[in-house]
Every structure is written in C-alpha cells, then in structure tokens.
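Protein chains in written order, with the numbering used here: chain A, 12 to 244; chain B, 113 to 375.
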C-alpha cells in the first residue's frame, strides 16, 4: 500500500524542518538549562537569607503580633480594608465605627495580653453545603492566641456553587464574618470588659489579617519559563 | 418535654450510610432527612435498613433521598418531582415535611414572588395532605454576605402575614435564623412561638454569630436557651448544629447537651 502522494510530500517537508532546526533548539535548551543552573547556585545564599528573615518574622508574629502596631504595613492593610464597600445591607444602615488609621492609638496598644498569629494553611472543602445547596469552599486556617486562649480559625475566601455561580469574599467580609466573632469570644474568655470588647475584637481582626498576609510571604526565587522545544503545527 | 430530632445535615460530607452509622451509634433514633449527605445509589436501601432497626424519620426541604435537588418555591414548581418525593415519603412512613420560604433575586418584585410562593405552597400542601403528610414552612432570615437573592418570611411581620394568608399550613421556627433578624426585639421574636403554637410543625435549633447561618453548637450563651421553657411542649425540636467528622462520643455528648436544655 503506497502513501497518499500529497501527504508524502508534506511528511518529507516536516522531516526536512526537523533536521534543520531540532539540533539548534536542543542546543538552545541545553544552554538555557546550564545558565539557569548557574543562576540557581548564585541565588542560593540570597534565597536562604530571605527564608531565614521570614522565619524570624514568623517567630515574632507567632510570639506577639502586636509588633505590627504603628507599622506602615498595618496602616496600609487597614486602609485597604476600609476602602472596600460594606456588603451587608444592615451594616450600611448602622455602620460600625471604622478603626483609627493610626494603630498606635488603638485600645490594643494599651493591652497587657499578647496576640499571637501562627501556622496559616490553605483549606479546600469540596463537601460543603448550606441550607439549600452544596458547594466547594476555599480559604485558610490560622491559629490565633489572645492572652492564654488559643483557637484555630477557618476563614473562607471563595465559595463555588457551580461553574457559573461563585462568591468571592473580600478582606472586609473575611475579617467581619470569620474572624471578629471568634476573637470576641476569646476576649470574653480572657475576661475583657464588654465596653471595649467589640472595639478590641475588630482591632485584633485587622491585626490578624495583616499578620496572615505577612506570614504568607515566601522567598523570591528565579522563575523562567520558555516554550518546550517543539515546532508548532 | 420536647422530643429531640437530629437533622442529617448535622453530619454531612459523607454518604447517608456513614452519617447514620455514627448517629445510630451515638444513640440517635429520630432523624430529619435533609441536605448535606452525598447522594449515593444505596441511600434508599440504607434508610430502610435503619428504619427496620427502629429509626424514625421526618424530612426537610432539599432532602437527599433516592434523588437530590435544590429548589425555590418562589421560582418554578416541578409537580412531577414533588409527586415522586411525597409518594416516597409515604413509603417511608414519613408524616412531617418542611420547606424553606422561597426567595427572589434583586430586581424581582417581592409581592409577585410572594404570590408565586403562596400559590406553589398550596399546590405542595395538596400533595402532602392527600398522602397524610403535615407540611410546614420555615422562617428565614435577611440575606447578605454577597448574596444576590432575598428570602421571603424574613421578618416577624411577613411570618404573621403568611400565617393569615395560608391558615391550613404549619410553621417551622428556626431559632438560629431568628438570631439574624434585625428589626425585632427578643420578646417580639418569642411572641411568634405563642402566635403559631397550634401550628408549629417543628422548631429548628443551632447557634450563630447573628450574621450568617453557621449552624454552630448550642451552648449556654445561645440566645434562645434561657427561653426554652417557653417552647410549646411536645413540638419536635430539630438539632441542626454541624458535627461533620466528629467521633461517636462527641456526637453523643452534643446531642445529650442539647436534649438537656429541653428536660
């Protein structure tokens, strides 16, 4: 059985193309791999130093995250959250007072108990459901310690009902609905008086949000992606 | 004394077989079938197995049975589905079925949605009463948190109006949903218990933070606990606090702790 003449001619051209360019492309890949290997060796010390610095930061936040008070990072985080519109209709009618942008003036700055934040991990649950529908949830879990009380919090960032029905929870919602209430409970167990409890709970929620962001930092490493060495048909 | 039933939604994430194995071992003998468990080919068989052992059932809204689906009684109404469901309830000796008040999307007309809801509840009630099943409609709550739809029956006024509009249909009060109500005082919320007393099919209980229906465990600090003695006696209490993946003993303790509120 003989090949279709037109296809045989095409196959011959493909072979000619491969013979002409494949060796050069293979050589290019070898040289890129070699260069990346060299760069990765050169960056090792700097990556390790970054990792060490982040470990120190994690240890500090895990011991007492109040070190963030009066920092530019917390101030920027608070401004970012406060720029998000309030989504709950009744909160728009009776808004809780916004926090002072200057965290040095917070009640928390006068507190005698520690607030530690540690061990954030990403969470996924494909077996979620509410009263009416099933869904998948995405978020993170993090441990918070207020004084001598510790709790593992679960914060949802994203809920997927179906490919066309999804909810993203912004930072304000995340802190409002998944952090503040639990923090208030910890404060209650800590014997904090009612008059300052809700204000403190909100301050600690923002502190936790900022700390989680910093705890999620990773060392910067070389990333270089290039197309695999195949001629596109 | 109020009998305590446990919703199958308290132990979701696994199959009906997995959930009932734990609830049975924890001493639970009265279960309200609901959303939460994964649909499985053996669901009907498993339910019948435990029934033969002595388990009793009632059913709630998007119950996972030999089918499973979500629906909105202010949206479209699939008569065929509800005929199949109510026929199946009869085969399972289930005589109490409760549904959520319907919901409407922002931009829809609330009065039109309410009229559709009333019309469809009446249709469903006919299917139920023909088969000897009591139907109840559950009190809902104001949606928020990025939701694009609102429930009907989310205020005391709307619940009172519903009781007047459909005098043959019963009410299910969800005390956790009432915790999310904004305009009503505690006495106003509790007054519904007396208003609907003769028509209360069941009372759903769990806890939350007042913002989202998180189905947290009942504790001494749960808002309605100090008023549990005001619940009409003999009305079924349905526990809806989530216990997914808990061990048998922990489930037993949670169920017993909730039961003790009513004894």
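Glycine residues also receive a C-beta, built at the ideal position from the N, C-alpha and C atoms. Please read these numbers as outputs of a predicted model, since none were measured by experiment.
For residue j and residue i, believed in contact at Cβ under 8 Å, the rounded distance
i                      : j                      : result
residue 72 of chain A  : residue 222 of chain A : 5 Å
residue 95 of chain A  : residue 181 of chain A : 5 Å
residue 144 of chain A : residue 182 of chain B : 5 Å
residue 213 of chain B : residue 252 of chain B : 5 Å
residue 126 of chain A : residue 76 of chain A  : 5 Å
residue 150 of chain A : residue 128 of chain A : Incorrect: roughly 16 Å between the Cβ atoms, too far for contact.
residue 210 of chain B : residue 368 of chain B : Rounded, the Cβ-Cβ distance is 24 Å, inconsistent with contact.
residue 308 of chain B : residue 275 of chain B : 6 Å
Helix, strand or coil at residue i [DSSP, three-state]
i                      : result
residue 261 of chain B : strand
residue 147 of chain B : coil
residue 196 of chain B : helix
residue 172 of chain B : strand
residue 206 of chain B : coil
residue 349 of chain B : strand
residue 325 of chain B : coil
residue 208 of chain A : helix
residue 123 of chain A : coil
residue 193 of chain A : helix
residue 152 of chain A : strand
residue 301 of chain B : helix
residue 131 of chain A : strand
residue 48 of chain A  : helix
residue 181 of chain A : coil
residue 375 of chain B : coil
residue 139 of chain B : coil
residue 226 of chain B : helix
residue 28 of chain A  : helix
residue 278 of chain B : coil
residue 54 of chain A  : helix
residue 145 of chain A : strand
residue 294 of chain B : coil
residue 236 of chain A : coil
residue 231 of chain A : coil
residue 188 of chain B : coil
Proximity to residue i [Cα-Cα], best of the options
i                      : options                    : result
residue 170 of chain A : A/194, A/164, A/135        : A/135
residue 123 of chain A : A/45, A/157, A/58          : A/157
residue 327 of chain B : B/115, B/121, B/116, B/114 : B/121
residue 317 of chain B : B/307, B/284, B/175        : B/284
residue 286 of chain B : B/240, B/340, B/236, B/194 : B/340
residue 147 of chain A : A/195, A/130, A/139        : A/139
residue 137 of chain A : B/370, B/332, B/175, B/150 : B/150
residue 130 of chain A : A/113, A/111, A/162        : A/162
residue 163 of chain B : B/254, B/129, B/355, B/190 : B/129
residue 325 of chain B : A/207, A/17, A/188, A/234  : A/188
residue 370 of chain B : B/329, B/361, B/348, B/335 : B/329
residue 202 of chain B : B/235, B/240, B/214        : B/240
residue 184 of chain B : B/166, B/216, B/207        : B/216
residue 210 of chain A : A/111, A/154, A/33         : A/111
residue 132 of chain A : A/183, A/142, A/155        : A/155
residue 384 of chain B : B/167, B/125, B/160, B/126 : Nothing about residue 384 of chain B can be read from this structure; chain B reaches only from 113 to 375.
residue 148 of chain B : B/368, B/125, B/165, B/137 : B/125
residue 312 of chain B : B/231, B/279, B/337, B/270 : B/279
residue 229 of chain A : A/212, A/120, A/60, A/128  : A/60
residue 376 of chain B : B/272, B/373, B/246, B/242 : Residue 376 of chain B lies beyond the stretch modelled for chain B, which goes from 113 to 375, so this question has no answer here.
residue 172 of chain A : A/26, A/14, A/34, A/141    : A/141
residue 245 of chain B : B/228, B/229, B/199        : B/199
residue 377 of chain B : B/161, B/115, B/300, B/197 : One cannot answer for residue 377 of chain B here, as it falls past the ends of chain B, which runs 113 to 375.
residue 288 of chain B : B/236, B/165, B/364, B/335 : B/335
residue 178 of chain B : B/232, B/137, B/165, B/127 : B/127
residue 160 of chain A : A/121, A/200, A/176        : A/200
Short CB-CB distance (under 9 Å) between residue i and chain D
i                      : result
residue 159 of chain A : Any reference to chain D falls outside this structure, whose protein chains are A and B.
Positions along the region 314–326 of chain B whose CB lies within less than 7 Å of some CB in chain A | Those would be 321, 323, 324, 325, in chain order.
Could you name the residues of the region 332–357 of chain B whose beta carbon sits closer than 7 Å to any beta carbon of chain A, in the order they occur along the chain?
-> Cβ contacts with chain A: none found.
Name the residues in the region 160–178 of chain B whose C-beta lies less than 8 Å from a C-beta of chain A; which are they?
-> Within the region 160–178 of chain B, the residues whose Cβ lies closer than 8 Å to some Cβ of chain A are 173, 174, listed in chain order.
Just by C-beta distance, which residues in the region 192–213 of chain A are closer than 8 Å to chain B?
-> Shown in chain order are the members of the region 192–213 of chain A whose Cβ falls below 8 Å from a Cβ of chain B: 192.
Are three or more beta carbon pairs between the region 164–175 of chain B and the region 134–152 of chain B nearer than 8 Å?
-> Flag = yes, the region 164–175 of chain B and the region 134–152 of chain B touch.
May I ask you to list, following chain order, the residues of the region 139–152 of chain A that have a beta carbon less than 9 Å from some beta carbon of chain B?
-> Within the region 139–152 of chain A, contact with chain B at the beta-carbon level (separation under 9 Å) is assigned to 139, 140, 141, 142, 143, 144, 145.
Pairing CB atoms from the region 334–350 of chain B with CB atoms from the region 200–218 of chain A, are three or more of them under 8 Å?
-> Short answer: they don't touch.
Are the region 152–166 of chain B and the region 183–192 of chain B touching, with three or more C-beta to C-beta distances below 8 Å?
-> No contact exists between the region 152–166 of chain B and the region 183–192 of chain B.
Between the region 226–233 of chain A and the region 82–97 of chain A, do three or more beta carbon pairs fall short of 8 Å?
-> Under the Cβ criterion (8 Å, minimum of three pairs), the region 226–233 of chain A does not count as touching the region 82–97 of chain A.
At a cut of 8 Å, does the region 216–223 of chain B reach the region 192–203 of chain B through at least three beta carbon pairs?
-> Because the criterion of three Cβ pairs below 8 Å is not met, the region 216–223 of chain B and the region 192–203 of chain B do not touch.
Taking a Cβ distance cut-off of 8 Å, strictly less, list which residues of the region 115–131 of chain A are near chain B, in chain order.
-> Residues of the region 115–131 of chain A whose Cβ lies closer than 8 Å to any Cβ of chain B: none.
Counting pairs of Cβ atoms below 8 Å between the region 345–359 of chain B and the region 303–322 of chain B, do you hit three or more?
-> Taking 8 Å as the limit for Cβ pairs, the verdict is that the region 303–322 of chain B does touch the region 345–359 of chain B.
Got a sec: which bits of the region 260–283 of chain B sit with their beta carbon under 8 Å from any beta carbon on chain A, in order along the chain?
-> Going along the region 260–283 of chain B in chain order, one finds no residue with a Cβ nearer than 8 Å to chain A.
Using a Cβ-Cβ cut-off of less than 8 Å, give me the residues of the region 134–163 of chain B that come near chain A, in sequence order.
-> If the cut-off is 8 Å between Cβ atoms, the region 134–163 of chain B has 147, 148, 150 near chain A.
Within 8 Å of chain B by C-beta, residues of the region 175–194 of chain A in sequence order = Those residues of the region 175–194 of chain A that come within reach of chain B (Cβ to Cβ, closer than 8 Å) are 178, 179, 180, 184, 187, 188, 192.
Which residues, in chain order, does the region 180–209 of chain B contribute to contact with chain A at a C-beta distance below 9 Å?
-> Answer set for the region 180–209 of chain B: 180, 182, 183, 184.
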